[in-house]
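Notes follow once the structure below has been shown.
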Amino acid sequence: MYKPVRFIHISDTHLRDDPKAKMYGINVYDAAIKAVEAINKSTLPFDFVVHTGDVASVDGTQKEYELAAKIFDNIKVSMYYLTGNHDNASLMSRILKFGEKKDLSTDDSRLFYTFKFNRHNFLVLDAKTTKEEDPHGRLPPDQLDELDKILSQTQGYITIFNHYPTIPPDSIWLKKTMTILNAEDILKIFNKYSSKIVGVFSGHIHQGTILTKDGILYSSAGSTFVNFRNAPDDEDVIFLSNGVGYFNHVTVEKSSIEIKQYAFANGVSSFIKTREEMKYSL
Ligand SMILES: [Fe+2]
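Below, the structure is given as structure tokens:
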């Protein structure tokens, strides 16, 4: 019998290697703990939790992932993680607990895999690129080839996860800095199989967004600790927080999808600041 799949989408926890460490004046460890508490207290039904990357900060260290494991082990369903531009996939694979999955890469520095729930197909991409291109992303050629193959062979529907949003968001600074450099190649493949794709989910831009293009739904989740304003005319980042972090609750039906955004108090005092002002509040 057909059953819907429900999952929690969180992103961009940016954990540091010291539980007392702050980023932009915010204790990221406490904010992630509050996210997990809010998810557990919500009594929402969900089959798994997906973290769309930037679990850690800078380049991802063993200690950062050990602290992440300590926090996310309090989630009683399967967890799935993506490589963000600040993450180290090899360490994540070794230290974090993943739900059942099928790896598509023999390269342990990539988190590229599929998994299934109630006959729904899920695909995780890893578009982390070189230091020179960061914080843009770029999907490597082997994943582009495999993406085409998987989508062509998929029976039924598929939901896709990638740290980086595929469609450039409506914001000058994001378009300048946070896109996928070969998004056109990905979109060509997505568009060939659009009738099979239920949704494409990302993080990276620290803001909850929903948009559709060519019949495909694209959604990002806000960060657990600090969000960006991302207004259309913003030429640089503006840090925006009213003391809340975010997670999304997603229901995937046979051929439809519903996204609800939830906010929780993350212990941050209210502020709106530019990059220049943030230098003085670190
Ligand atoms: Fe990121």
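Here UniProt numbering is used: the first residue of the sequence shown is 1, the next is one more, and so on.
From the three backbone atoms N, C-alpha and C, an ideal C-beta is built for every residue, glycine too.
Since the structure is predicted, the reported quantities are computational estimates derived from the model, not experimental observations.
CB-CB length for residue 291 against Ala221, believed under 8 Å: As shown, the chain starts at 1 and ends at 282. That puts residue 291 outside it, with no answer to give.
If you draw a straight line from the alpha carbon of Thr251 to that of Ile259, how long is it in whole angstroms? 7 Å
Here's the rule: buried if 16 or more other CB atoms are within 10 angstroms of the residue's CB, otherwise exposed. What is Tyr2? exposed
Alpha carbon to alpha carbon, how far is Ser109 from Gly60? 12 Å
Can you tell me which of Asp236, Gly84, Asn248 and Val226 puts its alpha carbon nearest to the alpha carbon of Asp30? Val226
Buried or exposed (CB count within 10 angstroms, at least 16 for buried), Gln143: buried
Anyone know if the C-beta pair for Ser171 and Asn118 falls short of 8 Å? no
Option in Ile71, Thr114 and Thr209 with minimal Cα separation from Leu96: Ile71
Determine the contact status of His86 and Ser105, defining contact as a CB-CB distance below 8 Å. no
Sequence-distant residues of the same chain with beta carbon closer than 6 Å to Ala69, five excluded per side: Ile95 and Leu96
Which of helix, strand or coil DSSP assigns to Ile186: helix
Which runs of the alpha helix (DSSP H) at least 4 residues long sit entirely within the region 87 to 153? Give them in chain order. 89 to 95 and 141 to 153
Count the other CB atoms within 10 Å of the CB of Ser223; is the residue buried (16 or more) or exposed (fewer)? buried
What residue from His14, Gln155 and Thr129 has the CA that sits closest to Lys116's CA? Gln155
Assess, as a yes-or-no matter, whether the region 15 to 32 is touched by the region 129 to 149 under the definition of 3 or more beta carbon pairs within less than 8 Å. no
Three-state class that DSSP yields for Phe264 in the structure shown: strand
Check whether the region 207 to 217 touches the region 13 to 21, counting contact only when three or more Cβ pairs, one atom from each stretch, lie closer than 8 Å. no
From what residue to what residue does the alpha helix (DSSP H) around Tyr65 run? Gln62 to Phe72
For the beta strand (DSSP E) that contains Ile216, what are its first and last residues? Ile216 to Ser220
Distance cut-off 7 Å: Asn230 Cβ against heavy atoms of ligand 1: no
Any residue with its Cβ nearer than 5 Å to a heavy atom of ligand 1 should be included. What is that list in chain order? Asp54, Gly84, Asn85 and His204
Pick from Pro4, Ser202, His51 and Ser194 that is closest to Thr179, judged by C-alpha positions: Ser202
Does DSSP put Lys196 in a helix, a strand or coil? helix
Applying the criterion that 16 or more other CB atoms from any shown protein chain within 10 Å of the CB defines a buried residue, is Arg275 buried or exposed? exposed
Taking just the CA atoms, how far does Phe46 sit from Ser78? 10 Å
Less than 8 Å between the beta carbons of Leu111 and Ala127, yes or no? no
Alpha helix (DSSP H) segment containing Val28, residue limits: Val28 to Lys41
Would you check if the distance between the CB atom of Phe161 and the CB atom of Val5 is smaller than 8 Å? no
Give the secondary structure of Leu82 by DSSP, where H, G and I count as helix, E and B as strand, and everything else as coil. coil
I need the boundaries of the beta strand (DSSP E) containing Lys213, first residue and last residue. Thr209 to Lys213
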